[in-house]
Amino acid sequence: MQLFDVYPLFPIHVVRGQGCRVWDDKGTEYLDLYGGHAVISVGHAHPHYIEAIRRQVGQLGFYSNSVVNKLQTELAERLGRACGYEDYRLFLINSGAEANENALKLASFHTGRTRVLSAQKAFHGRTSLAVEVTNNPKIIAPINDNGHVTYLPLNDLKVWETELAKGDVAAVIVECIQGVGGIQMATAEFMQGLRKACDASGTVLICDEIQCGYGRSGKFFAHQWLGVRPDIITVAKGIANGFPMGGVLIGPQFEAVYGRLGTTFGGNHLACAGALAVLDIIEGEGLIENAARVGEQLMADLRALAERPEGSHIKEVRGRGLMIGIELDIPYKELRQHLLMDQHVFTGCAGTNVLRLLPPLCLSMEEANEFILKLKSELVK
Numbered sequence: 019m020q021l022f023d024v025y026p027l028f029p030i031h032v033v034r035g036q037g038c039r040v041w042d043d044k045g046t047e048y049l050d051l052y053g054g055h056a057v058i059s060v061g062h063a064h065p066h067y068i069e070a071i072r073r074q075v076g077q078l079g080f081y082s083n084s085v086v087n088k089l090q091t092e093l094a095e096r097l098g099r100a101c102g103y104e105d106y107r108l109f110l111i112n113s114g115a116e117a118n119e120n121a122l123k124l125a126s127f128h129t130g131r132t133r134v135l136s137a138q139k140a141f142h143g144r145t146s147l148a149v150e151v152t153n154n155p156k157i158i159a160p161i162n163d164n165g166h167v168t169y170l171p172l173n174d175l176k177v178w179e180t181e182l183a184k185g186d187v188a189a190v191i192v193e194c195i196q197g198v199g200g201i202q203m204a205t206a207e208f209m210q211g212l213r214k215a216c217d218a219s220g221t222v223l224i225c226d227e228i229q230c231g232y233g234r235s236g237k238f239f240a241h242q243w244l245g246v247r248p249d250i251i252t253v254a255k256g257i258a259n260g261f262p263m264g265g266v267l268i269g270p271q272f273e274a275v276y277g278r279l280g281t282t283f284g285g286n287h288l289a290c291a292g293a294l295a296v297l298d299i300i301e302g303e304g305l306i307e308n309a310a311r312v313g314e315q316l317m318a319d320l321r322a323l324a325e326r327p328e329g330s331h332i333k334e335v336r337g338r339g340l341m342i343g344i345e346l347d348i349p350y351k352e353l354r355q356h357l358l359m360d361q362h363v364f365t366g367c368a369g370t371n372v373l374r375l376l377p378p379l380c381l382s383m384e385e386a387n388e389f390i391l392k393l394k395s396e397l398v399k
């Protein structure tokens with residue numbers, strides 16, 4: 019049997035990591051500014067994280083959600099304090115797509131409605147409902163195209179208000195910083211107006227914080243820069259630093275009905291141990307503050323580079339914290355490949371021509387400067 023190919027693969031076999039660096043099977047060292055799709059939040063192979071997983075698997079690796087799991091309770095309490103949503107409740111699952119899937123189901127149960135508003139260029143996952151609210155017809159199968167969703171331009175508040183005024187929308191789902199869409203930024207004016215329009219129409223506001231959350235923007239959640247309080251928040255990726263996990267933070271107005279939601283593997287003992295270790299490290303090492311500080315300087319340096327002749331191919335730099343998009347006027351896939359193969363730097367791509375940076379939150383100023391030098395050397399070739 020062979021693997022079913024779903025991604026074009028770079029010919030690199032990564033076998034080891036440490037902090038913001040990884041090594042392949044030939045011993046080549048790479049600077050990791052992608053973190054495996056924003057998943058590595060506290061760095062590769064952090065000793066506290068390793069010990070937490072090792073200790074837990076030595077005690078109990080898994081039991082079902084039919085019995086008490088005190089690690090889940092501890093995680094809910096710790097996460098509530100860390101992000102400022104202590105009055106919300108937490109439902110734990112395995113991925114970001116599952117988080118959005120369950121958030122949309124909750125909104126529909128709560129309102130009795132079926133219609134959803136999503137943003138153009140949005141990406142919310144590949145499962146049934148999640149892919150339907152993803153604005154990419156190439157990945158929406160006919161069975162998933164059920165006509166529930168209207169896609170609207172991000173930041174065009176009047177268009178959203180017009181749709182919400184119809185009174186038939188169950189949920190609005192928004193990434194406050196679009197990742198796959200090219201690091202497109204929601205404005206405070208738009209999000210605050212959207213909050214008011216959702217309140218007026220009885221619509222549930224969901225903020226998808228799967229990529230832009232968990233400290234990446236320099237606050238715990240990206241929407242906290244914009245002065246809004248969502249009804250539901252979805253998280254995944256960095257929550258457990260590589261152990262598959264997702265979560266739905268659910269506002270106090272939602273009724274919990276037994277049997278309505280459920281999961282086999284969600285919130286298992288190993289995942290919770292990893293997630294608790296992540297919170298320990300984020301808080302103990304000030305990683306959210308580090309993301310804000312290093313990210314601000316890195317964006318300033320990138321913008322300064324764009325003003326010089328050697329950076330003339332940089333059209334715009336967007337982002338917050340360590341979620342950064344570099345829009346180019348040259349083919350981004352080619353530049354990304356040269357950075358990887360010649361400079362040994364992992365980056366991502368997004369949108370139509372955007373180089374995407376999603377490094378671990380422990381990225382140092384020295385490592386950011388190293389990237390600037392390597393990027394400059396490729397841009398002048």
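Read in our numbering, the sequence shown has 215 at position 197, and its numbers run on one by one without any break.
Where is the CB? At the ideal position from N, CA and C, for every residue including glycine.
Measuring CA to CA, which of Arg374, Thr281, Arg321 and Ser126 is closest to Ser82?
Comparing Cα positions, the closest option is Thr281.
Identify which residue in Phe28, Val24, Gly45 and Leu27 has its Cα closest to the Cα of Arg34.
That would be Gly45, whose Cα lies nearest to the Cα of Arg34.
Taking the CB atoms as reference points, tell me whether Cys230 and Pro248 lie closer together than 8 Å.
no
Could you pull out every residue in the same chain whose Cβ sits closer than 8 Å to the Cβ of Thr152, ignoring the five residues on either side in sequence?
These residues qualify, in order along the chain: Ser136, Ala140, Phe141, His142, Gly143, Arg144 and Ile158.
Check whether the Cβ atoms of Thr221 and Val190 lie closer than 8 Å to each other.
Contact check for Thr221 against Val190 passes: the beta carbons are separated by less than 8 Å.
Using C-beta distances below 6 Å, list every residue in its chain close to Ala289, excluding the 5 sequence neighbours before and after it, in chain order.
Ala258, Phe261 and Met263
Nearest to Thr315 by CA position, among Tyr350, Leu373, Leu381 and His331, is which residue?
Note that residue 315 is Gln in the sequence shown here, rather than Thr. Cα-wise, what sits closest to Gln315 is Leu381.
With DSSP collapsed to three states, give me the class of Glu92.
helix
May I ask you to report which of helix, strand or coil DSSP gives Thr168?
Thr168 falls in the strand class under three-state DSSP.
Do Leu305 and Leu373 have their beta-carbon atoms positioned less than 8 Å apart in this structure?
Taking 8 Å as the cut-off, the Cβ atoms of Leu373 and Leu305 do not count as close.
Starting from the C-beta of Asp105, find all residues in its chain whose C-beta is less than 7 Å away, skip the five residues before and the five after it, and write them out in chain order.
Pro270
Output the distance between the C-alpha atoms of Leu51 and Glu385, rounded to the nearest integer angstrom.
9 Å
If I follow the unbroken beta strand (DSSP E) through Gly114, where does it start and stop?
Segment Gly114 to Thr129 is the alpha helix (DSSP H) holding Gly114; no beta strand (DSSP E) there.
Counting along the chain, where does the alpha helix (DSSP H) carrying Trp178 start and finish?
Leu175 to Leu182
Sorted by chain position, which residues of the same chain lie with C-beta nearer than 8 Å to Leu170's C-beta, five sequence neighbours on each side aside?
Leu135, Ser136, Ala137, Gln138, Val177, Trp178 and Glu181
If you check the beta carbons only, do Met341 and Arg234 fall under 8 Å apart?
Their beta carbons are under 8 Å apart, which means Met341 touches Arg234 by this criterion.
Considering only DSSP beta bridges, list what Gln202 is partnered with.
Gln196
Leaving aside the five residues before and after Gln74 along the sequence, list all residues of the same chain whose C-beta is less than 7 Å from its C-beta, in chain order.
Closer than 7 Å at the Cβ level, and outside the excluded window around Gln74, lie His287, Leu288 and Ala291.
Exposed or buried, what is Met19 when buried is set at 16 or more other beta-carbons lying within 10 Å of its beta-carbon?
exposed
Less than 7 Å between C-beta atoms, sequence neighbours within five positions excluded: which residues of the same chain meet that for Phe283?
Asn112
Looking at C-beta atoms only, is the number of pairs between the segment 53–61 and the segment 362–377 that lie closer than 8 Å three or more?
yes
Between which two residues does the alpha helix (DSSP H) carrying Tyr67 extend?
Pro65 to Gln77
Phe389 lies in the alpha helix (DSSP H); which residues open and close that run?
Met383 to Leu397
Measure how close the beta-carbons of Glu345 and Glu334 come, nearest whole angstrom, since I'm counting them as under 8 Å.
4 Å
Helix or strand or just coil, what does DSSP make of Asp298?
Helix at Asp298.
Check each candidate in Val24, Ala215, Leu21 and Gly37 and name the one with the smallest Cα separation from Ile299.
Closest by alpha carbon: Gly37.
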